[in-house]
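Step one of this worksheet: look at the structure below.
2 protein chains.
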Amino acid sequence: MADVTADLLPRWRRLEPDERREQILACAVRLFGERPYADVSTTDIATAAGVARSLINHYFGTKRGLFIESVRALVTIPAVAVEQLPEGDLATRVDASVAWFLDVVSRHSRSWLAAVDGGGVGRDADIEAVLSEADEIAADSILVAVGLDAVTERRTELRAVMRAYCGLAKATAREWLERDALDREQVHQVLATTLIMLVEQVFPTLKSSVKIN
Amino acid sequence: MADVTADLLPRWRRLEPDERREQILACAVRLFGERPYADVSTTDIATAAGVARSLINHYFGTKRGLFIESVRALVTIPAVAVEQLPEGDLATRVDASVAWFLDVVSRHSRSWLAAVDGGGVGRDADIEAVLSEADEIAADSILVAVGLDAVTERRTELRAVMRAYCGLAKATAREWLERDALDREQVHQVLATTLIMLVEQVFPTLKSSVKIN
DNA sequence: CACCCTTATTGGCGCCGTGTCAATGAGGTC
DNA sequence: GACCTCATTGACACGGCGCCAATAAGGGTG
Numbered sequence: 003m004a005d006v007t008a009d010l011l012p013r014w015r016r017l018e019p020d021e022r023r024e025q026i027l028a029c030a031v032r033l034f035g036e037r038p039y040a041d042v043s044t045t046d047i048a049t050a051a052g053v054a055r056s057l058i059n060h061y062f063g064t065k066r067g068l069f070i071e072s073v074r075a076l077v078t079i080p081a082v083a084v085e086q087l088p089e090g091d092l093a094t095r096v097d098a099s100v101a102w103f104l105d106v107v108s109r110h111s112r113s114w115l116a117a118v119d120g121g122g123v124g125r126d127a128d129i130e131a132v133l134s135e136a137d138e139i140a141a142d143s144i145l146v147a148v149g150l151d152a153v154t155e156r157r158t159e160l161r162a163v164m165r166a167y168c169g170l171a172k173a174t175a176r177e178w179l180e181r182d183a184l185d186r187e188q189v190h191q192v193l194a195t196t197l198i199m200l201v202e203q204v205f206p207t208l209k210s211s212v213k214i215n
Numbered sequence: 003m004a005d006v007t008a009d010l011l012p013r014w015r016r017l018e019p020d021e022r023r024e025q026i027l028a029c030a031v032r033l034f035g036e037r038p039y040a041d042v043s044t045t046d047i048a049t050a051a052g053v054a055r056s057l058i059n060h061y062f063g064t065k066r067g068l069f070i071e072s073v074r075a076l077v078t079i080p081a082v083a084v085e086q087l088p089e090g091d092l093a094t095r096v097d098a099s100v101a102w103f104l105d106v107v108s109r110h111s112r113s114w115l116a117a118v119d120g121g122g123v124g125r126d127a128d129i130e131a132v133l134s135e136a137d138e139i140a141a142d143s144i145l146v147a148v149g150l151d152a153v154t155e156r157r158t159e160l161r162a163v164m165r166a167y168c169g170l171a172k173a174t175a176r177e178w179l180e181r182d183a184l185d186r187e188q189v190h191q192v193l194a195t196t197l198i199m200l201v202e203q204v205f206p207t208l209k210s211s212v213k214i215n
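Sequence lines, in order, name chains F and L. For the first sequence, the positions run 3 to 215 when the working numbering is used. For the second sequence, the positions run 3 to 215 when the working numbering is used.
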């Protein structure tokens with residue numbers, strides 16, 4: 003017998019664009035964290051979100067577009083984070099920054115790990131740009147944290163070193179979260195010590211770059 | 003008019019499996035270095051190698067299989083490299099190791115950059131495994147270079163720190179090769195100083211891990 | 001030198017995933 | 001309650017990939 007409520011309740015709910023967008027994005031973040039990019043079809047995401055597959059294209063253009071948004075959501079340091087840093091000497095602020103970082107990455111560990119290496123297969127200029135931008139923001143945040151944000155001299159090199167330090171941070175975090183070869187305390191120690199060393203030892207003595215071109 | 007040589011010279015040359023395999027691999031390494039994974043079709047590689055597309059599947063099984071081999075060929079440190087390290091104190095050996103690393107990566111710069119981040123989009127367990135293995139080998143090589151390869155105590159943590167250091171090495175090299183924000187000398191200085199610091203300062207004082215499980 | 005026999009290599013088939021487009025209906029408004 | 005907007009759907013076409021049987025290159029054997 004036919005469902006008598008068939009013509010009473012709608013077949014699908016109509017949401018505000020922002021709302022629907024966020025909902026799809028949340029599903030995508032989760033799925034991209036669970037499986038590699040190529041193994042997650044847009045059909046999977048659509049099913050998880052309970053919508054038609056083509057709606058994904060409507061909101062994000064392409065599958066890669068959705069992936070890019072997913073990565074961006076995970077790797078970008080919110081501005082509010084750096085505003086809540088404690089006052090105090092270098093060691094204190096570095097400790098707080100490292101602790102904050104470790105808190106965040108351990109919370110979303112699986113998805114974060116998937117995001118930071120850009121997925122793994124398929125080097126892509128757009129993804130690269132998102133990760134770059136995130137590193138850029140991260141580098142600036144670190145400069146604020148260590149109190150070097152006012153330094154204008156040789157700022158390019160300064161930020162480059164900080165971006166490089168981000169590479170260390172990611173790799174060290176991976177040793178903790180993924181391989182379980184280090185514990186949190188050890189990761190903290192490596193990152194804090196290295197950062198302080200970079201600021202106090204390496205940077206002041208860094209040979210100034212001689213441009214050849 | 004029909005080509006009179008049609009039945010005289012063969013339509014294609016028949017190579018030894020190893021030979022053909024290497025030829026296809028070389029083309030793949032080049033193309034994967036030029037474009038992102040998803041933008042390189044097996045048809046492109048087959049065309050570049052002058053063979054039928056299905057021959058790729060015959061030799062490498064799948065497209066990803068071919069990609070994995072391509073990455074492996076680029077990121078694995080040959081055993082011969084560590085055997086040629088000079089004698090001398092820590093600073094000397096570290097300098098030589100860093101110099102060797104910078105030589106290699108700058109030589110294949112484009113393909114190497116593409117390989118180390120696993121491509122960019124599509125985090126994949128197999129790729130992860132190849133990069134892991136390469137890091138593993140690299141970590142051991144570094145331990146030999148800094149003369150800590152005989153240390154058995156807390157070896158797990160020791161290698162983990164070295165793998166993490168590989169993350170710094172990659173990121174720093176990227177600042178030089180890709181962004182041109184640091185020059186070779188500066189990269190050298192950052193990597194050498196940090197490595198020495200890790201060996202002399204961090205590791206001796208690294209709190210021993212307390213397993214919770 | 002002619003034949004054969006191994007196997008490197010090819011061409012074509014079918015499947016799956018993706019992006020596009022016009023049609024549909026949910027839900028607010030007058 | 002009718003209309004109108006636009007969020008949402010379903011179907012279509014294209015392209016890439018893996019598989020399989022057919023083909024021919026080229027060395028071995030008489």
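Heads up, the beta-carbon is just placed ideally off N, CA and C, and yes, glycines get one too.
- Interface residue (Cβ-Cβ distance to chain F less than 7 Å): L/Glu177 is classified as such.
- Rounded to whole angstroms, F/Leu11 and F/Arg32 show a C-alpha spacing of 30 Å.
- Residue contact with chain F for L/Thr78: absent (no Cβ-Cβ distance below 7 Å to any residue of chain F).
- Take F/Ala116, set aside five residues on each side of it, and the residues of its chain with a beta-carbon closer than 7 Å to its own are Phe34, Gly35, in chain order.
- At least one CB atom of chain F sits nearer than 7 Å to the CB of L/Met199.
- For L/Met164, same chain residues with a beta-carbon under 7 Å away, outside a window of 5 residues either side, are Ala141, Ile144, Leu145 in chain order.
- Contact between L/Leu208 and L/Tyr167 does not hold, since their C-beta atoms are separated by about 13 Å, which reaches or exceeds 8 Å.
- By the criterion of a C-beta distance shorter than 6 Å, F/Ile79 is surrounded in its chain by Ile139, Ala140, Ser143, once the five residues flanking it on both sides are discounted.
- In the DSSP assignment, F/Trp14 falls outside any alpha helix (DSSP H), carrying neither H nor E.
- A residue is called buried once 16 or more other Cβ atoms fall within 10 Å of its Cβ, and L/Asp137 is buried on that count.
- A residue is called buried once 16 or more other Cβ atoms fall within 10 Å of its Cβ, and F/Pro38 is buried on that count.
- With distances taken between CA atoms, L/Arg161 lies nearest to F/Glu177 out of F/Leu160, F/Glu177, F/Thr154.
- Its chain contains Leu179 as the residues whose beta carbon lies nearer than 7 Å to that of L/Ser111, once the 5 sequence neighbours on both sides are disregarded; these appear in chain order.
- For L/Ala136, the enclosing alpha helix (DSSP H) has its first and last residue at 127–147.
- Ranked by how close their Cα comes to the Cα of L/Asp20, the residues L/Ala40, L/Thr45, L/Ile58, L/Ile47 have L/Ile58 in first place.
- With contact defined as three or more Cβ pairs closer than 8 Å, the region 23–30 of chain F and the region 63–81 of chain F are in contact.
- Counting the other Cβ atoms within 10 Å of the Cβ of F/Gln188 gives 16 or more, which makes it buried.
- In terms of Cβ geometry, F/Val204 and L/Val192 form a close pair [threshold 7 Å].
- Nearest neighbour of F/His60 by Cα position, chosen from F/Glu155, F/Thr44, F/Ile129, turns out to be F/Thr44.
- Under the criterion of beta carbons closer than 8 Å, L/Val148 and L/Val96 qualify as touching, at roughly 6 Å.
- Burial check for F/Leu133: the Cβ neighbour count within 10 Å reaches 16 or more, so the residue is buried.
- Inclusion of L/Ala98 and L/Leu87 in the CB contact set at 7 Å is warranted, their separation being smaller than that value.
- If you compare the alpha carbons of L/Asp46, L/Val53, L/Arg13 with that of L/Arg23, the shortest gap goes to L/Val53.
- For L/Thr158, the secondary structure class from DSSP, reduced to helix, strand or coil, is helix.
- Collapsing the DSSP output to three states places F/Pro19 in a helix.
- Inside the region 59–133 of chain F, DSSP marks no whole beta strand (DSSP E) run of 3 or more residues.
- Taking the Cα positions, F/Val100 is about 6 Å away from F/His190.
- Between the alpha carbons of F/Ala194 and F/Thr94 lies a distance of about 10 Å.
- Distance from the Cα of F/Arg15 is smallest, within the candidate group F/Thr154, F/Ser108, F/Ala51, F/Arg181, for F/Ala51.
- Neighbours of F/Val82 in chain L, taken as residues at a C-beta separation under 9 Å, are lacking, since the least C-beta distance is about 26 Å.
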